[in-house]
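Engineer:
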Amino acid sequence: MYIRMKFIIVVVLCLFPFLQSSAQLRQNLLLDQEWEFRSDKDGNNLTWEKVTVPHTWNATDGLTPDYYRGTGEYRYHLNILPEMLKQRAFLRFEAVSQVADVFVNGIPVGNHKGSFNAFCFEITSSLKKGDNLIEVKVSNRLDNDIAPLSGDFTVFGGIYRPVSLLVLPKTCVTPLDYASSGVYIHQNKVDSKQAELSVVTKVNSNKAEKDLSVKTSVFNAKGQLVGNCITRKASGKDETVEFVNKLNIKQPVLWNGKKSPHLYRVFIEVMKGNTVVDTLSQYAGLRYYSVDAQKGFFLNGNPYKIKGVNRHQDRAGKGWAITNKEHNEDMELIKEIGANGIRLAHYPHSDFFYSLCDREGMLVWAEIPLIGKASPTPAFTENIKLQLTELIRQNFNHPSIFCWSLFNELCEGDVKKLIQELNEVAHKEDPGRLTVAAANVENRPENVITDIMAYNTYPGWYWAQPSTMKSSVAHWNRLVGSKGICVSEYGAGANIWHHQQDVQSAPKTDGIFHPEEWQAIVHEQNYRGISSSDFVWGSFVWNMFDFASASRNEGDILGLNDKGLVTYDRKVKKDAFYFYQSAWSESPVLHITSKRDIARREPATDIKIYSNCDHIHLKVNGQDCGHPDREDNILIWKNVSLKKGENRIEASGKKGTVELTDQCKWVLLDKKK
Numbered sequence: 001m002y003i004r005m006k007f008i009i010v011v012v013l014c015l016f017p018f019l020q021s022s023a024q025l026r027q028n029l030l031l032d033q034e035w036e037f038r039s040d041k042d043g044n045n046l047t048w049e050k051v052t053v054p055h056t057w058n059a060t061d062g063l064t065p066d067y068y069r070g071t072g073e074y075r076y077h078l079n080i081l082p083e084m085l086k087q088r089a090f091l092r093f094e095a096v097s098q099v100a101d102v103f104v105n106g107i108p109v110g111n112h113k114g115s116f117n118a119f120c121f122e123i124t125s126s127l128k129k130g131d132n133l134i135e136v137k138v139s140n141r142l143d144n145d146i147a148p149l150s151g152d153f154t155v156f157g158g159i160y161r162p163v164s165l166l167v168l169p170k171t172c173v174t175p176l177d178y179a180s181s182g183v184y185i186h187q188n189k190v191d192s193k194q195a196e197l198s199v200v201t202k203v204n205s206n207k208a209e210k211d212l213s214v215k216t217s218v219f220n221a222k223g224q225l226v227g228n229c230i231t232r233k234a235s236g237k238d239e240t241v242e243f244v245n246k247l248n249i250k251q252p253v254l255w256n257g258k259k260s261p262h263l264y265r266v267f268i269e270v271m272k273g274n275t276v277v278d279t280l281s282q283y284a285g286l287r288y289y290s291v292d293a294q295k296g297f298f299l300n301g302n303p304y305k306i307k308g309v310n311r312h313q314d315r316a317g318k319g320w321a322i323t324n325k326e327h328n329e330d331m332e333l334i335k336e337i338g339a340n341g342i343r344l345a346h347y348p349h350s351d352f353f354y355s356l357c358d359r360e361g362m363l364v365w366a367e368i369p370l371i372g373k374a375s376p377t378p379a380f381t382e383n384i385k386l387q388l389t390e391l392i393r394q395n396f397n398h399p400s401i402f403c404w405s406l407f408n409e410l411c412e413g414d415v416k417k418l419i420q421e422l423n424e425v426a427h428k429e430d431p432g433r434l435t436v437a438a439a440n441v442e443n444r445p446e447n448v449i450t451d452i453m454a455y456n457t458y459p460g461w462y463w464a465q466p467s468t469m470k471s472s473v474a475h476w477n478r479l480v481g482s483k484g485i486c487v488s489e490y491g492a493g494a495n496i497w498h499h500q501q502d503v504q505s506a507p508k509t510d511g512i513f514h515p516e517e518w519q520a521i522v523h524e525q526n527y528r529g530i531s532s533s534d535f536v537w538g539s540f541v542w543n544m545f546d547f548a549s550a551s552r553n554e555g556d557i558l559g560l561n562d563k564g565l566v567t568y569d570r571k572v573k574k575d576a577f578y579f580y581q582s583a584w585s586e587s588p589v590l591h592i593t594s595k596r597d598i599a600r601r602e603p604a605t606d607i608k609i610y611s612n613c614d615h616i617h618l619k620v621n622g623q624d625c626g627h628p629d630r631e632d633n634i635l636i637w638k639n640v641s642l643k644k645g646e647n648r649i650e651a652s653g654k655k656g657t658v659e660l661t662d663q664c665k666w667v668l669l670d671k672k673k
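Residue numbering for the sequence shown follows UniProt numbering, beginning at 1 and increasing consecutively.
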């Protein structure tokens, strides 16, 4: 049976009608339907089942401590038309976890190790007209030569990101440079007056070419041409040639975060003589940034404190095998909370999500999965360098990314030399961005290697009281040379059905009771310490969403890290979500906390509201409660009286011309019962 494929034309031509003649030069055929899969997960790998890609075999067991880490097999029947054989064909996998061996018609075409980056193999010589069989053997077994070796998250197995067949001209922008676009937009110097760009395009041909040229054109968001350049070279057979086109953009519209995430389109045309043989587009956001030791982060010369969240990519019932629909939903929630930055932990994320960050003006911390410990083997060193190189080349053009992170919470072994080597790789691959790392152990030698530094700390959860955050960040800043610091993780766990009104200290963190009220208190006091410290250039809440951590059994939920501000299924926003929304968002916010704590036992209670509104009023059973104690976005009415039985809590407020209300019902129980 021949499988229908979805055709996606890579070059978007709606803004450039004059380019329509080159529309079919390259094709991206999405291979998502009618895959077959089998594994020995249940001790029987003989039965093939129909699946769609993205796919993971851990969608149902990823929250259990003995989730399947083993092997699986995929196959796909690909129909090749005669005209396709006149071009070149490449298979591109956006990610497979974590080892993939790929075969076409029984011929091995390549192997890839690493769960999170894309890889691409040319399969031109392996194809034939008609039916072709693609086979992929996959393993997510723990491998001491592949990071991550540890980590507080489930390593889902499978082909969990899209697979594409690229049908390209014989002379083309190569997709084989670590599965990147083959185009690298270097921002040599950018300010409000001028942007100096060097656009590197890597072209490969299956035969020698004497008269090759690459034309680079830059268009603004309105489709207007603002600069172009042509470079000519010759090439040898199977040789990859670099073309460097230099352009100056006068008075550029800067990519300015959420305020103005302006994107230019960089359009590449590969020509033989006067004939266009390949085209490719990339987006570019022109910006510059710096970190001041005392004053923090600056974007385009202006103070820009990063108010961020961490994000893991998995979703309830889907694991890592999510689609653009889920990526968009995550972004909408992050926008709703008012964040301006995202740490994409603890590994490379989907290209689609990086592109969302570009369009929405989110500053991105991108990182490799070097977590907890490293293996001393040469193979491990080679693989983690490969993962870093892939991360950088595949995501080089995303303006949202401001740093490459080299490790998270290393606490075992002597890894200073390895981190120095990774730092060198990052600066060689991309001299224009900063390197960073997230530590949680003091005075380790690798903590001072990267350009800027961050640390993970949980005052009020794993240690001390939440109010110690301010002194803690000052201490860590001194440890790294007083060059400024970021809080890369902080927070507390919360089960939305656990409540305690008189909570004064952290519950047992690995216990079954995680009250929502304590999570909110931790974030209130932690963020107060962060926001009042100018040398803290940014912070990232741990975590935006609950996520799978198969080894955990706490908060009365098996296999889940419950520190998210939103539940694993993205359906419920915890109170702490509204704390940040009222502090960060420009939209009006009014939220009564502890609304889910319906059954009350004490007749006098404090009522807390998060809001950025003015003239806020609280009524209980129709009676005005007077003036609250207010600190910024936190309002507390002390010792409000409840009556036995049902109580109606109503709040109202106004911001500008917008009026908001919120309400809930609490029931005061008879203590005798």
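Ideal Cβ positions, reconstructed from N, Cα and C, are used throughout, including at glycine. If you're wondering where the values come from, they're calculated on a predicted model, not measured in any experiment.
I'd like to check one pair, residue 164 with residue 28: are the Cβ atoms closer than 7 Å?
Structural biologist: In this structure, residue 164 lies closer than 7 Å to residue 28 by Cβ.
Engineer: Using CA coordinates, which residue listed in 642, 657 and 649 is at the minimum distance from residue 668?
Structural biologist: 642
Engineer: When you compare the CB positions of residue 231 and residue 202, do they come within less than 7 Å of one another, or not?
Structural biologist: no
Engineer: What does DSSP give as the partner residue(s) for residue 625 in the beta ladder?
Structural biologist: None, per the DSSP bridge assignment.
Engineer: Just grab the DSSP bridge partners of residue 194 for me.
Structural biologist: 250
Engineer: First and last residue of the beta strand (DSSP E) that includes residue 371?
Structural biologist: Here residue 371 belongs to no beta strand (DSSP E), and DSSP marks it neither H nor E.
Engineer: Do residue 307 and residue 296 count as a contact pair if the criterion is CB distance below 7 Å?
Structural biologist: In this structure, the beta-carbon distance from residue 296 to residue 307 does not fall below 7 Å.
Engineer: Looking at C-alpha atoms only, which residue of 578, 638, 542 and 576 is the closest neighbour of residue 561?
Structural biologist: 542
Engineer: Specify, as a first and last residue, the run of the beta strand (DSSP E) that residue 271 falls within.
Structural biologist: That run of the beta strand (DSSP E) goes 264-272.
Engineer: Expressed to the nearest angstrom, what Euclidean distance is found between the alpha-carbon atoms of residue 596 and residue 92?
Structural biologist: 47 Å
Engineer: Mind checking which residues open and close the beta strand (DSSP E) that includes residue 456?
Structural biologist: 454-456
Engineer: In chain order, what residues of the same chain have a beta carbon less than 8 Å from the beta carbon of residue 604, not counting five sequence neighbours either side?
Structural biologist: 639, 640, 641 and 642
Engineer: May I ask you to verify whether the stretch 584-596 touches the stretch 505-522, counting CB pairs closer than 8 Å and requiring at least 3?
Structural biologist: yes
Engineer: Considering only the beta carbon of each residue, do residue 53 and residue 37 sit closer than 7 Å?
Structural biologist: no
Engineer: Reducing DSSP to helix, strand and coil, say where residue 365 ends up.
Structural biologist: strand
Engineer: According to the neighbour-count rule (16 or more other Cβ atoms, all chains shown, within 10 Å of its Cβ), is residue 648 buried or exposed?
Structural biologist: exposed
Engineer: Excluding the 5 residues preceding and the 5 following residue 71 in the sequence, name in chain order all residues of the same chain whose CB lies nearer than 6 Å to its CB.
Structural biologist: 139
Engineer: For residue 662, which residues in the same chain have their Cβ closer than 7 Å to its Cβ, ignoring the five residues on either side in sequence?
Structural biologist: 590, 591, 592 and 651
Engineer: For residue 653, which residues of its own chain have a beta-carbon under 6 Å away from its beta-carbon, when the five flanking residues on both sides are left out?
Structural biologist: 590, 611, 613, 616 and 660
Engineer: Whose CA, out of 155, 360, 78 and 110, lies closest to the CA of residue 57?
Structural biologist: 155
Engineer: Closer than 8 Å by C-beta to residue 427: which residues in its own chain qualify, once you throw out the five before and the five after it? Chain order, please.
Structural biologist: Around residue 427: 435.
Engineer: Give the straight-line distance between the Cα atoms of residue 333 and residue 571, rounded to the nearest whole angstrom.
Structural biologist: 10 Å
Engineer: Rounded to the nearest angstrom, what separates residue 491 and residue 576 at their Cα positions?
Structural biologist: 10 Å
Engineer: Return the chain-ordered ranges of every beta strand (DSSP E) run that is complete within the stretch 410-443 and spans a minimum of 3 residues.
Structural biologist: With a minimum length of 3 residues, the continuous beta strand (DSSP E) runs that stay inside the stretch 410-443 are 434-439.
Engineer: Using the beta-carbon count (16 or more within 10 Å), is residue 100 buried or exposed?
Structural biologist: buried
Engineer: Rounded to a whole number of angstroms, what is the C-alpha to C-alpha distance between residue 281 and residue 325?
Structural biologist: 24 Å
Engineer: Using only alpha-carbon positions, find the residue among 442, 215, 321 and 646 that is nearest to residue 271.
Structural biologist: Residue 271 has its Cα closest to that of 215, out of 442, 215, 321 and 646.
Engineer: Would you tell me roughly how many angstroms separate the C-alpha atoms of residue 184 and residue 453, rounded to the nearest one?
Structural biologist: When only Cα atoms are considered, residue 184 and residue 453 end up about 27 Å apart.
Engineer: Can you round the beta-carbon distance between residue 393 and residue 115 to whole angstroms, since I take them to be within the 8 Å contact cut?
Structural biologist: Actually they do not touch by this definition, with Cβ atoms about 17 Å apart.
Engineer: Is it right to say residue 147 is buried, meaning 16 or more other beta carbons lie within 10 angstroms of its own, or is it exposed?
Structural biologist: With 16 or more Cβ atoms within 10 Å of its Cβ, residue 147 is classed as buried.
Engineer: How many whole angstroms separate the CB atoms of residue 524 and residue 494, which I take to be in contact at a CB cut-off of 8 Å?
Structural biologist: Their Cβ separation, rounded to whole angstroms, is 13 Å, which puts residue 524 and residue 494 out of contact at 8 Å.
Engineer: Roughly how far, in whole angstroms, is the beta-carbon of residue 252 from the beta-carbon of residue 195, given that I think they are within contact range, below 8 Å?
Structural biologist: Yes, residue 252 and residue 195 are in contact; Cβ-Cβ is about 4 Å, under 8 Å.
Engineer: For residue 606, which three-state DSSP category applies?
Structural biologist: strand
Engineer: Report the rounded CA-to-CA distance for residue 327 versus residue 312, giving the unit in angstroms.
Structural biologist: Going by the C-alpha atoms only, they are around 11 Å apart.
Engineer: Can you confirm whether the stretch 409-416 touches the stretch 126-145 when touching is taken to mean that 3 or more C-beta pairs between the two stretches lie within less than 8 Å?
Structural biologist: Flag = no, the stretch 126-145 and the stretch 409-416 do not touch.
Engineer: Between which residues of its own chain and residue 64 is the CB-CB distance below 8 Å, once the five residues before and five after are set aside?
Structural biologist: 550, 558 and 559
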